[in-house]
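Below is one structure, written out as structure tokens; the observations come after it.
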Amino acid sequence: MSVWPRAVYVHVPFCLHHCGYCDFTVVASRDHLIPAYLECLRREIQAQMQGLPQPWPVDTIFVGGGTPTHLNPEQLQELLSTIGSAFALSATGEYSVEANPEGLDESRLEVLQRFGVNRLSLGVQSFNAQQLLTLERTHKPSDAVDVIHRAQPYIPNLSVDLIFGVPGQSEVDWEQSLQTATELPLQHISTYGLTYEQGTPFFRRETTGQLRRIPDEVERQMYLTAIRRLQADGLHHYEVSNFARPGFECRHNMVYWNADEYFAFGPGAARYLHGVRSTNARSVVRWLRAWKDGVPCLEESEENSPQDKAREAIMLGLRLRSGFQISAFETRFQVSLRDLAGPALDRSLRGGLVEDVQGTLRLTEEGLLLADTVVSDFLVGDDD
Ligand code: SF4
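In the working numbering, the protein residues as written are 71 to 454.
This is the structure in structure tokens:
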């Protein structure tokens, strides 16, 4: 009997402005597409959930973007009502919505609360005015502080994203942003180093010398500062980029890191269903055209080999600071870790990048600083 997921992701692609570093599926100044998007989303959910009892019980719902709260209160209500008709959140479930400080007014907060949203993830990125300008964000530091205080009575479980390694950012600037964050009523903080993804304006500006990348060593120091500073404030470092107060780890993202399956809807949304990973068309217009005709529109779809699924689970599991239990992994994937990835394992153990602590494999402090390199070594087989 096939098992269906208990986690849902919904992608809302609309934003006020397309920030120069962002390579998510996003459209700005295309708000006239929102009504068609809402209708097509309803069709996609109905098509994918056909044959299953509805509302289907789930433990986590994550509405991301884009900026879901860019929708006006009526549109937001329609979105959450579509999701609520198809999925029923368990009594202890987590319902997250991403939001940006601008436009998150009382009427939107009231809609979110009324539909059971119990976790808000805010795209704050920095509490420094100059760095917000560099990142092309449309809010000011005071807007972010203000919105956190206004949102808290509606949705007490608040998370913010912060970016380090912004051109022109000093280590003192970064410490100050962290300091401000720790003085606010937050349960969760995600910190990311700025990346220059191919195809983005930031990538072009960096290659042509208009934007100067922060030296690797400074960025490394900023990451270490975040770990030290946030842990000192009682936030538990539970994943490479994520920190939470005890009990406030993001349960939806844990589904990804545990290599469990999930539904996904909306342009560019990636799902994992019955062993198959598939991604919807990233072009919002192509996704809309397809669903107007009631036809799915995938960018890619692939069922990995059992070995690749196991390798992927290592890569994801190592991102967790607690790592993963080797025996549970071997039972789940019916393969010995050493047979699957012996050479990569030995390289990482010898280099002091991973450690086996009583049968649990995890990144060391040194491995954490090279996390992307270490985990990708496990992803590629040595005979590939
Ligand atoms: S607000 Fe967020 S999702 Fe929208 S363009 Fe900027 S970084 Fe991307």
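From the three backbone atoms N, C-alpha and C, an ideal C-beta is built for every residue, glycine too.
Given this structure, state the Cα-to-Cα distance separating residue i from residue j, to the nearest angstrom.
i	j	result
R441	V236	Looking at the sequence provided, one finds Ala at residue 441 rather than Arg. Cα to Cα, the separation comes out at about 20 Å.
M71	H344	Because M71 sits at a pLDDT of 48, beneath the cut-off of 50, its placement in the model cannot be relied upon, and the point is left open.
R341	D129	16 Å
G422	Q404	27 Å
E172	T278	31 Å
R292	V444	A quick correction: the sequence has Met, not Arg, at residue 292. Between M292 and V444, the C-alpha separation is close to 20 Å.
R391	T270	31 Å
R282	P105	40 Å
E369	E253	43 Å
N142	V97	16 Å
Q239	Q201	7 Å
L232	F185	27 Å
G263	L300	16 Å
H87	G163	32 Å
T204	Y91	10 Å
I297	H307	7 Å
T139	D175	9 Å
Mind checking who residue i pairs with in its DSSP beta bridge?
i	result
F157	W126
T349	A340 and E370
E65	Residue 65 lies beyond the residue range present for the chain, which begins at 71 and ends at 454; the question has no answer from this structure.
Y262	I233
T430	Q395 and V427
N312	S260 and E309
V82	G135
V96	Bridge partners of V96: none, in fact.
L390	E309
L228	L190
Should residue i go down as buried or exposed, given a rule of 16 or more other Cβ atoms within 10 Å for buried?
i	result
V78	buried
A199	exposed
D363	exposed
V242	exposed
G412	exposed
V82	buried
L438	buried
Q428	exposed
S418	buried
R381	buried
L256	buried
H219	exposed
V450	exposed
D426	exposed
Around ligand 1, Cβ to any heavy atom closer than 6 Å, ordered along the chain:
Taken from the N-terminal end onward, the list reads C85, H88, C89, C92, F94, V96, G135, G136, T137, N170 and G193.
Inspect the CB distances between the region 132 to 148 and the region 179 to 195 and report whether three or more fall short of 8 Å.
yes
Can at least three beta-carbon pairs, one atom from the region 96 to 110 and one from the region 322 to 330, be found at a separation below 8 Å?
no
Is it true that the region 186 to 195 meets the region 208 to 228, where meeting means three or more beta-carbon pairs spaced less than 8 Å apart?
yes
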